[in-house]
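Scroll down for the structure; my scribbles are underneath it.
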Amino acid sequence: MSETTASGGAALPDLDHAHYLRLAFKVAEAAKASGQHPFGAILVGGDGSILMEQMNGYLPDRDMTGHAERVIATRAGIAYGPSFLASATMYTSAEPCAMCAGATYWVGIGRLVYGLSEKRMKSLTGNHPENPTLDLPCEIVLASGQRKVEVIGPMLEDEAAQLHEGVWG
244 MSETTASGGA ALPDLDHAHY LRLAFKVAEA AKASGQHPFG AILVGGDGSI
294 LMEQMNGYLP DRDMTGHAER VIATRAGIAY GPSFLASATM YTSAEPCAMC
344 AGATYWVGIG RLVYGLSEKR MKSLTGNHPE NPTLDLPCEI VLASGQRKVE
394 VIGPMLEDEA AQLHEGVWG
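For the sequence shown, the numbering used here gives the first residue as 244, with consecutive numbering after it.
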């Protein structure tokens, strides 16, 4: 197994990104089926085990900060801390917005893999009041920090876009 190094020197495992990303898509599908916005995230440990999953948390309180990526980052930071998370990978159905990228950075997650790009998300949602998309690549947000977060994406973008069919019209 080949590995790359995250900030803090932790090894990032060579994982099957398509496999785990499709698991994040399944979480997004479950969110959509339950009436939530179709976003999902999973956190995978350095050993390849799934540590947690999170669907979008906009409802029932209309929490505009309840993005799956932000919520899972908060949970992960509390549960594990940055030294453990440096070797973890977050898989998300869509590119994290600036808020979610910041949360990923602050808790110390070493790698982020996403499906749908923010640019394409914006083309799907338009100026929807429940998703006023920021067209700001997460890579720019994460590159401005002192700790390195490896970013891979967009990946399987057409599959990721299908999750949003019929949602934002």
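Think of the CB as a built atom: it goes at the ideal place given N, C-alpha and C, for glycine as much as any other residue.
N-terminal and C-terminal residue of the beta strand (DSSP E) that residue i is part of
i: V287; result: G283 to V287
i: G293; result: It is worth fixing the name first, because residue 293 is Ile in this sequence and not Gly. Residues I293 to M298.
i: I395; result: E393 to I395
Exposure label - residue i; buried when at least 16 CB within 10 Å
i: E361; result: buried
i: Q297; result: buried
i: G324; result: exposed
i: A276; result: exposed
i: T332; result: buried
i: T308; result: exposed
Reduced DSSP secondary structure (H/G/I, E/B, other) of residue i
i: T458; result: The displayed coordinates of the chain run from 244 to 412. Any statement about residue 458 would go beyond what the structure contains.
i: A267; result: helix
i: T368; result: helix
i: E373; result: coil
i: M307; result: coil
i: E400; result: helix
i: H407; result: coil
i: R390; result: coil
i: M342; result: helix
Continuous alpha helix (DSSP H) stretch holding residue i: start and end
i: A311; result: A311 to A322
i: Q279; result: First-last for Q279: undefined, no H or E at that position.
i: A382; result: The displayed chain sequence assigns Glu, not Ala, to residue 382. It spans C381 to A386 - the alpha helix (DSSP H) in which E382 sits, taken as one unbroken run.
C-beta contact flag for residue i and residue j at 7 Å
i: A284; j: A311; result: yes
i: A267; j: P281; result: no
i: R363; j: L255; result: no
i: H407; j: L379; result: no
Paired residues, beta bridge with residue i - DSSP
i: L328; result: Beta-bridge pairing links L328 to no other residue.
i: V356; result: Y334 and I395
Distance cut-off 6 Å: residue i Cβ against heavy atoms of the ligand HEM
i: E312; result: Only the bare structure without any ligand can be found here, which leaves the ligand HEM out of the picture.
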